[in-house]
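**Q** In the numbering used here, the protein residues as written are 1 to 577. Got a structure for you, written out below as structure tokens; questions coming shortly.
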RNA sequence: GCCCUCGUAGCUCAGUGGAUAGAGCAUCCCCCUCCUAAGGGGAGGGUCGCCCGUUCGAUUCGGGCCGAGGGCACCA
């Protein structure tokens, strides 16, 4: 028997029946999977939805719908139950046929064309390249990558992008920090500002520059701090003055220091993410927006539409017209565009590049920023609904029942690389997406590291490994499993596993539609549990050849589904543990 | 003050406009002569924060309240 996807098929049947019973009604056919087995495989609530309009008792409407239901080779029986549910029982053979279907589809099982190939861009991580990625970035990376995988799996043309803030003040601060450390190495001691970058990686870069170029960038300490405001009373002014002095003293060499620090940190982040299984189609440079005049153009567009005014020497965007609580500066009185202005230009550019939908994955601390950006897009004549911002809350690490506190400022934070080294990429990827993205995540290091059944990653991977070991012990030709007779499968654990396997495509669709890769993680836990249940209840390598092949085919299909699901989350599927 | 998120078992959290609300951990009991026990089976444990509304039906949607966390720069 060829496999027919029951839900789509039933929705079609019910649609025909409802059209006959209640012509012209426009209800959506809803089919749910009842929690209780006695309620069948699918339940339809159409009768209850129609009862009022038809002025009839729902059970009576249900009877009419059932009578009008076209014949189907899938349906074993229907029952009218409770307040008016129509419960549908699927023939075992129709369920069993899934095994051959999954094996034939292979890695494509679960794939769909929900997205119709529409271009969707997911921008994520986008951390300032001013230091190592930390565990907060890790969550955004894991979430964004998994989401992009899900979207691609259900038929979207997913494009992964990292926005590189290579033009702003933060990069200048990094360049300055590196240079000051370099001067230290060359005997020119300048008091290192508390609001400069403190991390050891800055010293490492200074050391490297010193080794590569000796004293070439050495300048007198007194000149570096000349005319700078006091570091205590005006720390930011102090820093800005030092940056200005650095640019003046170094001239064209400043660009070298700046570029060196940028490339170092960007390269480090790229390596880190690649090792984490997170890759991007494009690293978009903020500087190119400036260089191509796109920011001028964006601000001019706003100006033309009458949304810009000047005050105190700065240019303001009247974002209050678009629901923001106060107006925002786009160009400061010193003539420098704000980050906000660059962001407007960047998002307009995204649309111009033809992405029908744009998803931004931001840290939750940016949430106040959403209305501003959307408002600006609207003001510039773009459709803000094409932008979806998904917020990712911070992750808090726990170890030995203690919260690990972090402070970016002092350079004392746990880096993503440290976390990956400590708990492994698989556990990292999985734990990061185990919670809904917009919720605080308690990352339990002890649990992530533990090689026990408490650890859901191992629980799932173990299910996969177990199947591999059985198939290996069998030693037969996998192609033979295609032709196994699935009607041999009748044990409750076998049927439960079949039902679970059948849900995979819908889980993938929901995960993509709701931007919720955690649904895949939970599904995999369920699937693994069903596999372990079957494993404990039934022997696979039995004497009865037909039964053996059927069971092996079932677990081979399960292995494929586990693999596909783990791949969506970027977690490996080991054959041996 | 304004905005966002959350409140479900002792703990950490899923879930859903539907029928008797789930998992893991923790507690207690049981299961390897057998393809990996990194596993399985069972028991106990709940006013889905409170109130009102919408609905044939609300834990789910809307409003209010209470409680928790986070965010509100001429920073990036």
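By construction, the Cβ of each residue, glycine as well, lies at the ideal position given by its N, Cα and C atoms.
1. Taking only three categories from DSSP, how would you classify residue 106?
2. Starting from residue 257, follow the alpha helix (DSSP H) in both directions and report where the run begins and ends.
3. Between which two residues does the beta strand (DSSP E) containing residue 236 stretch?
4. In the DSSP output, which residue or residues are listed as bridge partners for residue 158?
5. Which residues mark the beginning and the end of the alpha helix (DSSP H) in which residue 204 is found?
6. Could you pull out every residue in the same chain whose Cβ sits closer than 7 Å to the Cβ of residue 207, ignoring the five residues on either side in sequence?
7. Report yes if the C-beta of residue 338 is less than 6 Å from at least one heavy atom of the ligand GDP; otherwise report no.
8. Counting only the same chain and skipping the five closest in sequence on each side, list residues whose C-beta sits under 6 Å from that of residue 177.
9. Can the beta-carbon of residue 139 be found less than 7 Å from the beta-carbon of residue 281?
10. For residue 12 and residue 21, what's the separation of their Cα atoms in angstroms?
11. Does DSSP classify residue 411 as helix, strand or coil?
12. Measuring alpha carbon to alpha carbon, tell me which of 256, 227, 260 ends up nearest residue 244.
13. Taking the beta carbon of residue 467 as the centre, do at least 16 other beta carbons fall within 10 Å, making it buried, or is it exposed?
14. Can you have a look at residue 252 and say buried or exposed, based on whether 16 or more other CB atoms are within 10 angstroms of its CB?
15. Residues in the same chain with beta-carbon distance under 7 Å from residue 423, minus the five sequence neighbours each way, listed in chain order, please.
16. For a test of the three-state rule: what should DSSP assign to residue 399, helix, strand or coil?
17. Inspect the beta-carbon positions of residue 342 and residue 330 and report whether they are closer than 7 Å.
18. Does residue 146 come out as helix, strand or coil in the three-state DSSP assignment?
19. How long is the line joining the alpha carbons of residue 1 and residue 52, rounded to whole angstroms?
20. To the nearest angstrom, how far is it from the Cα of residue 31 to the Cα of residue 15?
21. Would a C-beta distance cut-off of 7 Å place residue 550 and residue 485 closer than the cut-off?
22. Spatial neighbours of residue 229 within its chain, please: CB distance less than 7 Å, with the 5 preceding and 5 following residues excluded, ordered by chain position.
23. Can you give the beta carbon distance from residue 164 to residue 285, rounded, assuming they're within the 8 Å contact cut?
24. Got a sec? Which residues, its chain only, sit under 7 Å from residue 327 by beta carbon, not counting five neighbours each side?
25. What does a CB cutoff of less than 8 Å around residue 581 pick up in its chain, not counting 5 residues either side in sequence?
26. So, are the CB atoms of residue 501 and residue 98 less than 7 Å apart?
27. So, are the CB atoms of residue 351 and residue 121 less than 7 Å apart?
28. Of the residues 72, 215, 47, which one's Cα is nearest the Cα of residue 10?
29. In whole angstroms, give me the CA-to-CA distance for residue 5 and residue 514.
30. Below 8 Å on the Cβ atoms is my contact criterion, and I expect residue 420 with residue 276 to pass it. Report the Cβ-Cβ distance as a whole number of Å.
31. Taking the alpha-carbon positions, what's the residue 408 to residue 492 distance?
32. On the DSSP letters alone, give me the boundaries of the alpha helix (DSSP H) that residue 300 sits inside.
33. Return helix, strand or coil for residue 19, following the three-state DSSP convention.
34. CA-CA distance, residue 193 and residue 386?
35. Would you list the residues sitting across from residue 363 in a DSSP beta bridge?
36. Go ahead and pull the three-state DSSP assignment for residue 2.
**A** If we stick to the structure as given:
1. helix
2. 253-275
3. It is not in any beta strand (DSSP E) - residue 236 instead sits in the alpha helix (DSSP H) that spans 235-250.
4. 120
5. 200-213
6. 185
7. Although the ligand GDP was asked about, the structure shown includes no ligands whatsoever.
8. Only 196, 197, 202 meet the Cβ criterion.
9. no
10. Their backbone Cα atoms lie some 14 Å apart in a straight line.
11. Because the pLDDT of residue 411 is 49, which lies under 50, any placement of that residue in the model is unreliable, and the question is left without a value.
12. 227
13. buried
14. Exposed, by the Cβ-count rule.
15. Answer for residue 423: 445, 448, 449, listed in chain order.
16. DSSP places residue 399 in strand when its eight states are reduced to three.
17. no
18. helix
19. 40 Å
20. 11 Å
21. yes
22. 237, 238, 241
23. About 5 Å; that satisfies the 8 Å criterion.
24. 316, 317, 318, 319, 320
25. The chain is shown from 1 up to 577; residue 581 falls before or after that span and cannot be answered.
26. Cβ atoms of residue 501 and residue 98: closer than 7 Å.
27. no
28. It is 72 whose Cα lies nearest to the Cα of residue 10.
29. Going from the Cα of residue 5 to the Cα of residue 514 covers about 22 Å.
30. Residue 420 to residue 276, Cβ: 6 Å. Contact.
31. Caution is warranted here: a pLDDT of 49 is assigned to residue 408, below 50, making its placement in the model unreliable, and no coordinate value can be reported.
32. It spans 294-304 - the alpha helix (DSSP H) in which residue 300 sits, taken as one unbroken run.
33. helix
34. Rounded to whole angstroms, residue 193 and residue 386 show a C-alpha spacing of 43 Å.
35. 392
36. coil
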